[in-house]
Each structure stands twice: as C-alpha cells, then as structure tokens.
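Residue numbering for the sequence shown follows full-length UniProt numbering, starting at 1 and increasing by one per position.
Only one structure is covered here, and it is reproduced in the block below.
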Amino acid sequence: MDKFEQRWRALVRLKDQLGRGGAAHIAREIGKEPNYISRALYPPGKDGRKRIGEDTAELLDAKFPGWMSEQGWGGSNATLGDSVPANSRIEPPKGWGMLRDDQRAAIEQLIETMLAGKVALANTKPPPDGLIGD
C-alpha cells in the first residue's frame with residue numbers, strides 16, 4: 001500500500017469519526033473547498049478522484065493530530081467549535097446500503113455542499129420517475 005492509499009484510508013476514517021458533515025468540517029478546518037475533500041474521499045479508480053498530496057497532508061496533521069494512526073484522530077484538538085461530536089452517529093436511511101458507492105458519494109457531497117451554505121444544482125429538475133439512469 002503506497003502513501004496515497006494510506007492517506008486515503010486515514011481520511012475516510014477521520015470523516016467517519018467526525019460523523020455526519022465530517023467531510024465539510026475537514027474542508028473548513030484546512031481551508032479547502034468541500035468538493036476537494038469529497039473528491040479525495042472517492043474510492044480508488046473513480047474518475048475525478050483527488051490524491052492527498054504533501055501540502056494537504058501537512059494541513060491535516062496540523063488540524064487533526066494523529067489522523068494517520070490506526071486509531072485515528074482522538075478529538076483532542078480544540079478547534080471543533082460547533083461541529084458534530086466525534087461520537088455522534090445517525091442511522092443511515094432505509095435502503096442506503098443498496099446504493100452504489102458513487103451514488104452515496106454524490107448524495108453525501110450534495111449534503112455537505114448544502115451544509116456549507118452553497119447553492120448546488122441550481123435550476124435542475126429531477127427526472128419524472130425520480131430515478132437517475134446509469
């Protein structure tokens with residue numbers, strides 16, 4: 001496993017530890033756009049995926065000490081403010097596990113964009129049947 005794979009796994013673990021809105025919180029803390037962090041969380045091989053470079057890894061080290069360890073970030077950093085507590089867990093909606101990884105990532109990105117206070121998908125309409133085809 002190379003350093004980029006290790007960083008990706010650690011970032012996924014950190015996002016999970018932070019709970020709902022974790023990716024948006026990470027983005028705010030390190031001064032990156034939520035979209036950048038969402039794309040860094042894409043699974044290996046997915047188009048548009050961002051690798052976590054040296055600069056971003058240093059920012060993460062500064063804001064989330066220990067994020068690369070197997071135990072993950074302990075939450076000792078006092079910069080959380082009004083974010084979601086690390087032990088907060090919300091049950092996923094019914095059927096969440098039936099979605100593909102890319103569908104879940106798109107939904108999470110939309111939620112994070114909305115939580116960040118940005119308008120997403122302006123002037124778009126859902127398909128008449130409510131389902132998006134492959």
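By construction, the Cβ of each residue, glycine as well, lies at the ideal position given by its N, Cα and C atoms.
This structure is a prediction, so every number in the text was calculated from the model and none was measured.
Best match in the options for proximity to residue i [C-alpha to C-alpha]
{"i": "Arg13", "options": "Met1, Ile26, Asp2", "result": "Ile26"}
{"i": "Gln6", "options": "Arg104, Asp55, Leu110, Arg51", "result": "Arg51"}
{"i": "Pro43", "options": "Ala106, Glu54, Asp101, Gln109", "result": "Asp101"}
{"i": "Glu108", "options": "Ala24, Asp2, Met1, Asp47", "result": "Ala24"}
Own chain, CB closer than 7 Å to residue i, minus 5 neighbours either side, in chain order
{"i": "Ala57", "result": "Arg7"}
{"i": "Tyr36", "result": "Ala27, Lys50"}
{"i": "Glu112", "result": "Gly21, Ala23, Ala24, Pro34, Ser38"}
Spatial neighbours of residue i in its chain, beta-carbon cut-off 8 Å, leaving aside the 5 residues before and after
{"i": "Gly40", "result": "The sequence shown places Ala at residue 40, rather than the Gly named in the question. These residues qualify, in order along the chain: Trp8, Leu11, Arg49, Lys50, Arg51, Ile52, Thr56."}
Beta-carbon proximity list for residue i, same chain, < 6 Å, skipping 5 on both sides
{"i": "Ser69", "result": "none"}
{"i": "Trp67", "result": "Ala10, Leu14, Leu60, Trp73"}
{"i": "Phe4", "result": "Arg51"}
Contiguous beta strand (DSSP E) assignments of at least 3 residues, all confined to the region 17-49: none
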